[in-house]
Ligand code: USQ
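Numbering (the working numbering), first residue to last: -1 to 517.
Encoded structure:
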C-alpha cells in the first residue's frame, strides 16, 4: 500500500525532468498514455536536480526519489520553485505565506490592479493590509519567509518573460485575473477590460511557458460558474464527461466519454474563464504543457495559521458589491446592522470553500504535478449550500457574538436561475489527498471574531455605502427594491427549491496525515 497519495507518480510528473531523446511533440494529449508506456527506451530525461544520473528513462517514482520529501501534505519537492501571479490578492498573499512556511521557494508578481479597482468603487480592504514592501518584511520577520517579488502586469510579456527566465518556476499559480462578475457587468469598458486582462493575460502566459518553462505546471484559477447550473440537474463533472456517459438522439446512441462538458457562464467575467479553459486545454494539446484548471466555488473566510500569526500578515478582505463574495459580505452586513442581502428567491445553490481549505487544495495540486500534455480540471468545493442557508447560518453565528441579524430578500440585480438543482462531482482533489477540514460555522465564527474588532468596524463603517448592489445585468444603476425582511427563525431551508448533491469520495484514497499519528 502507498504511504502517500503521490508515491506512485514518476519522473514523468516531475518538473525537474527535462525531456531528451526521441520525443515527438505531436504525440501529445490523447496519445500520451501509449507514449508513456512505450518500451524500448526512446524517451530519456535528464534530472535538473540530480545531474549525476546522466540520461535515463523517466521511471523513478516519488517514493524512491530523495528530492520528494515526506510531509503531512504528501511528498513535496525540496525547495520547489513556485511563482504566484497575483501575489498581492486575497488568495495570492495567503498562498505565498502557506507555501513559504512549508519551505517552498516563493516568488510573485502583481500590478496592484485589485487595490485600484476596489478604490474605483470607493471602497478598501476592511482588514488593513500594508504595502508589498512591508508585507515582505513582515513575512521575513514573523515567518522567516523570503519572497522574491516583481511589480509586473501579466499583459507585459517582455517583463514577465525576463522574470520567468530569472526564477525558472516549477509551478505557476495564476491568480492574476479580475475575479468579479459585477465588475464585468458595469458597462462596455469594464467588460472589455476584464476579458482582455483575463483572456489575453493567460494566452500570453501560455506562449511564454512553452518557450521558457515547458516543464512547469500551470495551476490556473477557473470557476464553478463556468458550468452554470443546468436546469435538468445534470451533474457538473470535472470538465469532461465520464467514460460511461452517452448521448441518445433519434433512437441512436453515442459515447460522450472524454468530451468536454458544456459551459453556461453567468456573467462576462465567467465567460472570460470559459475562454481561458479552451486556451489552456489547447496549449496542453499543442505543446505538452501541463495544467490543473481549478473550478473554484465561492470562497470565504479570513483564517490560515500563517495569516493569524500577526496583524501585519493578514490578507485583504472586501465587502463591496463588486469584490466581496457572498459569505464575506453577509458577515460584514451583520456587523453593520444591515439586513443580509439575499438576491431574489435565495434558493440559489452554490459550491463553497473556506480559504484555509482552498489553500490546502493548492498544496495538494502542487504535490501532484500532471504529466506532459495532461490537462485536468478539478472542482474545488467543500460543500453545497443554498444562499438562504448561508444567510441563516451567518445570522445564527452573529447572534452568538451579540448581533441581532435580520435577512432581507431584495430584487436580484443579476440574471441567474433562482430555483435550480445542483449536483457536483469533486473527485480529483480527494484523490490527491484533500479532505475538507473547516466547517462553514467555524470559519464564520473566525470571521466575526476578526471583523468585529474595533479598528475593523471603523473601516466597515467607512465603506458602508458600497455594500448595497447597484450594478444590474440590464445596465441599470439603481438600488434594488426590498421584497421582504425576515428574522433567521423565519427562514425555512427545507421548504422550496432543491437540495445540492455533492459527490466527494473521501474514503477512496488512503491519506497519510501526521496529525493522525499524533492522536
Ligand atoms: N449573492 C446574494 N447576495 C449578495 C451577494 C451575492 O444573494 O449580497 C448571490 C449571487 O446572486 C450569487 C451568489 O450569491 O447567486 C454568489 O455570488 P458571489 O458574488 O459571492 O459570487 P460570484 O459572483 O458567483 O463570484 C464569486 C467570485 C468569483 C468566483 C465565483 C465562484 O467573485 O471570482 O469565480 O465566486 S462561483 O460562484 O462558484 O462561480
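No residue lacks a Cβ here, since even glycine has one placed at the ideal position from N, Cα and C.
Requested in this report: May I ask you to check if the CB of residue 123 is nearer than 7 angstroms to at least one heavy atom of the ligand USQ?
Outcome: no
Requested in this report: Put residue 255 into one of helix, strand or coil per three-state DSSP.
Outcome: coil
Query - Burial state of residue 175 (16 or more Cβ within 10 Å) - result: buried
Query raised in the report: Under a three-way DSSP split, which group does residue 384 fall into?
Result: strand
Query raised in the report: Which partner residues of residue 68 appear in the DSSP bridge assignment?
Result: 73
Query raised in the report: Any heavy atom of the ligand USQ closer than 7 angstroms to the Cβ of residue 482?
Result: no
Query raised in the report: How about residue 277 and residue 204: do their beta carbons lie closer than 8 angstroms?
Result: yes
Query raised in the report: Looking at residue 465 and residue 336, is the spacing between their C-beta atoms short of 8 angstroms?
Result: yes
Query raised in the report: residue 288 and residue 367 look like a contact to me (Cβ under 8 angstroms); what is the Cβ gap, rounded to whole Å?
Result: 7 angstroms
Report task. Consider the Cβ of residue 359: report whether some Cβ of chain D lies at a distance smaller than 8 angstroms. Result -> Among the chains of the structure shown, chain D does not appear; only one protein chain is present.
**Report entry** Per-residue burial, residue 119 [other beta carbons within 10 Å of its own, 16 or more giving buried]
**Finding:** buried
Query raised in the report: Cα-Cα, which of 344, 405, 442 and 470 is closest to residue 484?
Result: 405
Query raised in the report: Which two residues bound the contiguous alpha helix (DSSP H) that contains residue 190?
Result: 186 to 193
**Report entry** C-alpha distance - residue 134 paired with residue 377, whole-angstrom precision
**Finding:** 31 angstroms
Query raised in the report: By a C-beta neighbour count over all protein chains shown, 10 Å radius and 16 as the cutoff for buried, is residue 317 buried or exposed?
Result: buried
Query - Cutoff 8 angstroms; reference residue 229; Cβ partners in own chain excluding five residues on either side - result: 415, 418 and 419
**Report entry** When 477, 322 and 430 are compared against residue 122, the one with the closest alpha-carbon
**Finding:** 322
Query raised in the report: Given residue 36, which residues of its chain have a CB within under 8 angstroms of its CB, disregarding the five upstream and five downstream residues?
Result: Confidence is the limiting factor: at residue 36 the pLDDT is only 46, short of 50, which leaves the residue's position unreliable, though a coordinate-based value still follows. Counting only Cβ-Cβ distances below 8 angstroms, and skipping sequence neighbours, we find nothing.
Query raised in the report: Which residues in the same chain as residue 443 place their Cβ atom closer than 7 angstroms to its Cβ, once the five residues preceding and following it in sequence are excluded?
Result: 395
Query raised in the report: Given that a residue counts as buried once 16 or more other Cβ atoms are within 10 Å of its Cβ, and exposed if not, what is residue 1?
Result: exposed
Query raised in the report: Comparing the CB of residue 518 with every heavy atom of the ligand USQ, is any distance shorter than 7 angstroms?
Result: Since the displayed the chain opens at -1 and closes at 517, residue 518 lies outside it and no answer follows.
Query raised in the report: Does the beta-carbon distance from residue 298 to residue 439 come in below 8 angstroms?
Result: no
Query - Euclidean distance between Cα positions of residue 209 and residue 187 - result: 32 angstroms
Query raised in the report: For residue 127, which residues from the same chain have a beta carbon less than 6 angstroms from its beta carbon, with the 5 sequence-adjacent residues on both sides left out?
Result: 314
Query raised in the report: Using a threshold of 7 angstroms, is the CB atom of residue 288 nearer than that to any non-hydrogen atom of the ligand USQ?
Result: no
**Report entry** Stretch pair the stretch 340 to 354 + the stretch 486 to 496: three plus CB contacts closer than 8 angstroms
**Finding:** yes
**Report entry** Classification of residue 221 by the beta-carbon crowding that lies within 10 angstroms, buried from 16 upward
**Finding:** buried
Requested in this report: For residue 250, verify whether its CB is less than 7 angstroms away from any heavy atom of the ligand USQ.
Outcome: no
Query raised in the report: Between residue 432 and residue 459, what straight-line distance do the alpha-carbon atoms span, to the nearest angstrom?
Result: 38 angstroms
Query - Cβ-Cβ separation, residue 138 to residue 361 (assumed contact under 8 angstroms), whole Å - result: Not really, about 21 angstroms apart at Cβ, beyond 8 angstroms.
Report task. Kindly indicate the opening and closing residues of the beta strand (DSSP E) around residue 352. Result -> 347 to 352
Query raised in the report: Within 7 angstroms: the Cβ of residue 42 and any heavy atom of the ligand USQ?
Result: no
Query raised in the report: Excluding the five sequence neighbours on either side, which residues of its own chain have a C-beta within less than 6 angstroms of the C-beta of residue 341, listed in chain order?
Result: 410
**Report entry** Check whether residue 103 and residue 77 have beta carbons under 8 angstroms apart
**Finding:** yes
**Report entry** Short Cβ contact (8 angstroms threshold) for residue 386 with residue 292
**Finding:** no
Requested in this report: Could you check how far apart the C-beta atoms of residue 388 and residue 324 are, in whole angstroms? I think they sit under 8 angstroms.
Outcome: 6 angstroms
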